[in-house]
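Residue numbers (my numbering), protein chains in the order written: chain A, 1 to 283; chain B, 1 to 261. Note that CB positions come from ideal geometry on N, CA and C, so glycine has one too.
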Amino acid sequence: MAALSQYFAGVDIGSTMTKVVIMNEAMMNSVIGPTGPEHRKLANRVMEEALAKAKLVFEDITYVVATGYGRINVPFADKQITEISCHARGVAHLLPEVRTVIDIGGQDSKGIKLKEGRVVDFVMNDKCAAGTGRFLEVTAEELGVSLEDMGRLSLEAENRVEISSTCTVFAAQEVVAKLSEGVALPDILAGLHEAIATRIYGMVRRLKIEREVALTGGGAKNIGLVKALEAKLGFPVLVPPEPLLTGAIGAALLGRDMVREAAEKGGTLVRSKRRLTEATLFT
Amino acid sequence: MVYVVGIDIGSAFSKAVVMAENRIIAYQVLPSGGNYKLTAERVTEKTLAKAKLSLKDIAYTVAIGYGAANVSFSSETASDISCLARGVHYLFPGVRTAIDIGGQFTRVLKLDERGKATAFLLSEKCAAGSGRFLQVIARVLQVALEDIGELSLKSKNRVDFNTGCAVFAESEAVSRVAEGAAKEDILAGLHRTLAAKIQTMVARLGLEPDCAVVGGGAKDIGLVKSIEEGLGCRLLVPEEPQIVAALGAALVAEEKVSKGG
């Protein structure tokens with residue numbers, strides 16, 4: 001097999017960001033770009049960018065696997081695979097010692113239990129914004145803090161406040177009231193990180209958490225959240241070099257696995273009639 | 001005449017009622033804003049001004065609601081549920097099930113023939129289960145809160161929400177507007193989602209007629225009709241549904257005064 005000439009792409013279309021990975025045996029290129037607020041219109045652009053970066057054309061890609069929240073109508077993918085499987089594959093590849101994955105996305109959060117690289121159990125919340133990245137996004141906006149800065153700022157807290165509301169809408173109202181009462185911003189931010197960590201930990205704990213634990217998704221880029229979760233767990237977590245990419249890497253690897261498996265059986269994998277055009281959320 | 005005041009400082013709105021001899025003399029509703037203490041004073045002053053009274057004419061004041069502790073001039077605070085039940089019973093003695101749709105909670109109560117609450121359920125502290133949901137979506141659609149009920153009745157093609165979370169529903173409403181969905185159809189979908197949550201609560205407690213709906217949410221005709229459809233029964237709505245609990249608090253104050261001689 002001319003394995004080196006085969007390129008595989010993984011496309012992870014999240015609620016806010018689209019992540020594309022293109023790889024072969026020798027290299028890996030990735031691009032992270034916005035999904036597009038309404039129609040996932042920008043997902044194909046991210047793919048185009050990734051191809052340009054890898055100096056490839058779309059036809060050079062042997063197999064494209066799409067995953068993520070917006071994976072359903074992706075005309076440029078050969079196959080759709082669930083986020084759970086892709087995240088698991090990605091983490092197993094990057095951090096083989098991991099048994100529990102906590103993924104905190106913009107619109108959902110999940111816990112995945114792994115055994116020898118395979119998914120044995122998972123939990124997920126996509127029903128309620130509390131406990132997802134959206135909770136921090138909404139409250140950051142109310143407080144006039146950027147999402148990038150809020151984690152670091154929360155670590156400066158001297159006297160963490162208790163956030164009594166679970167609901168994101170009510171918590172946003174509560175933090176604005178606290179700020180107007182004169183509570184220091186870092187103390188409020190620490191309260192918010194504690195609140196979301198409690199919520200996520202409460203969900204993932206149902207899996208019987210085993211070490212090592214990896215944190216992925218946009219939430220893993222927030223140092224305040226990482227620290228708050230480590231405090232709940234009682235031990236440090238592992239964070240991949242680019243925590244946004246594990247799903248896309250897993251998707252590309254699963255595509256490669258499938259092509260190899262087909263080749264081992266002496267056949268080739270049937271590809272879909274893919275076109276590099278806009279993805280849509282609704283049919 | 002002996003005058004009393006019932007005051008209800010809710011998370012979204014504050015209400016005051018002046019009563020004398022079992023009759024409503026005046027009432028006022030104001031947005032609660034951020035300063036409950038100040039709002040409590042203002043809503044009481046305005047109500048008293050309507051009745052041409054001042055605070056020294058008031059024999060007894062009972063405060064209830066989310067911000068009750070901020071009412072510095074109250075004689076006592078009371079239970080929201082029992083005041084709500086009293087207010088409903090005063091207006092509609094035949095009511096056995098009452099739904100109160102507030103800014104933070106929805107409450108469902110069972111009442112006995114004497115107006116005592118025998119059982120109640122509280123929605124979780126979730127914006128999608130309360131009147132707050134209406135505010136969130138009204139803001140996205142740029143429709144005034146008081147207009148959403150009438151507007152939703154014009155819907156011909158209801159757009160249902162895929163989510164039960166107010167934050168996610170907000171994004172969904174934005175997407176639907178971008179796709180060209182009519183505001184009235186989105187509002188009809190919003191009413192269906194909230195009504196479904198309320199119906200579940202009523203079903204858990206058991207629907208016993210007559211049934212009344214009170215609180216700010218009861219001012220939304222679209223929501224009331226959606227709950228009526230879901231429950232399959234007519235709902236009684238007071239002329240001023242927001243003041244029912246404050247009215248109950250005033251009734252408690254009257255009772256205190258009469259017992260005290």
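The beta carbons of Val224 of chain B and Ile186 of chain B sit about 18 Å from each other, so the pair does not count as a contact at 8 Å. In the structure shown, Val174 of chain B adopts helical secondary structure according to DSSP, grouped into three states. Any Cβ of chain A closer than 7 Å to the Cβ of Phe105 of chain B would place that residue at the interface, and such an atom is absent. In the structure shown, the three-state DSSP call for Asn22 of chain B is coil.
Asp103 of chain A sits in a strand when the DSSP states are folded into three classes.
Taking 7 Å as the CB threshold, Ala127 of chain B lines the interface with chain A. Within the DSSP bridge table, the entry for Ala214 of chain A names A:Val101 and A:Leu238 as partners. Contact with chain A is absent for Phe161 of chain B, since none of that chain's Cβ atoms lies less than 7 Å from the residue's Cβ. Per DSSP, reduced to three states, the secondary structure at Val123 of chain A is strand.
Along the region 100–128 of chain A, the positions whose C-beta sits under 8 Å from a C-beta of chain B are Gln107, Lys127 and Cys128, read in chain order. DSSP places Val145 of chain A outside both helix and strand once states are collapsed to three, so it counts as coil. Per DSSP, Ile61 of chain A is one residue of the beta strand (DSSP E) stretching across Ile61 to Thr67. DSSP, read as helix, strand or coil, puts Val21 of chain A in strand. Looking only at A:Ser15, A:Val169, A:Arg89 and A:Gly219, the smallest Cα-Cα distance to Asp149 of chain A is reached by A:Gly219. The Cβ neighbour count for Met1 of chain B, taken over all protein chains shown within 10 Å, is under 16; the residue is labelled exposed. In the pairwise beta carbon analysis, the region 138–155 of chain A is classified as touching the region 174–189 of chain A: at least three pairs are separated by under 8 Å. Annotation for Ile9 of chain B: the continuous beta strand (DSSP E) segment containing it runs Tyr3 to Ile9. When the five nearest sequence neighbours on each side are left out, the beta carbons in the same chain lying within less than 8 Å of the beta carbon of Ala50 of chain A are those of Ala9, Val20, Val21, Ile22, Asn29, Ser30 and Val31, in order along the chain.
For Thr82 of chain A, no beta strand (DSSP E) run applies, since DSSP gives it neither H nor E. When the beta-carbon positions are compared, Ser79 of chain B and Thr106 of chain B stay at least 7 Å from each other. Looking at the DSSP output, Val31 of chain A shares a beta bridge with A:Val20. Residues of the same chain with a CB within less than 7 Å of the CB of Thr268 of chain A, apart from the 5 flanking positions on each side, are Ala262 in chain order. Taking all protein chains in view, the Cβ of Met27 of chain A is surrounded by fewer than 16 other Cβ atoms within 10 Å, so the residue is classified as exposed.
The C-alpha of Ala197 of chain A lies about 26 Å from the C-alpha of Ile249 of chain A. When C-beta distances to chain B are compared with 7 Å, the residues of the region 173–197 of chain A below that value are Ala177 and Ser180, in chain order.
The alpha helix (DSSP H) runs lying completely inside the region 151–210 of chain A and spanning 4 residues or more are 168–180 and 185–204, given in chain order. The criterion of a C-beta distance shorter than 7 Å is satisfied by Met201 of chain B and Leu121 of chain B. Gly260 of chain B counts as exposed, since fewer than 16 other C-beta atoms from the protein chains shown sit within 10 angstroms of its C-beta. The contact set of Val138 of chain A on chain B, defined by CB atoms closer than 7 Å, consists of Val167 in chain order. For the region 160–171 of chain A, residues whose beta-carbon sits nearer than 7 Å to a beta-carbon of chain B comprise Ser165, Thr166, Cys167, Thr168, Val169 and Phe170.
Ile72 of chain A sits in coil when the DSSP states are folded into three classes, being neither helix nor strand. Comparing C-alpha distances from Leu143 of chain A to each of A:Val176, A:Glu59, A:Lys273 and A:Leu233 shows the shortest one belongs to A:Val176. In the structure shown, Gln28 of chain B adopts extended strand secondary structure according to DSSP, grouped into three states. Relative to the Cα of Thr246 of chain A, the nearest Cα in the group A:Val120, A:Phe76 and A:Gly68 belongs to A:Gly68.
Below the 9 Å Cβ cutoff, chain A contributes Lys127 and Cys128 as neighbours of Gly164 of chain B, in chain order. Burial is judged here by how many other beta carbons sit within 10 angstroms of a residue's own beta carbon; Ala52 of chain A has fewer than 16 and is exposed.
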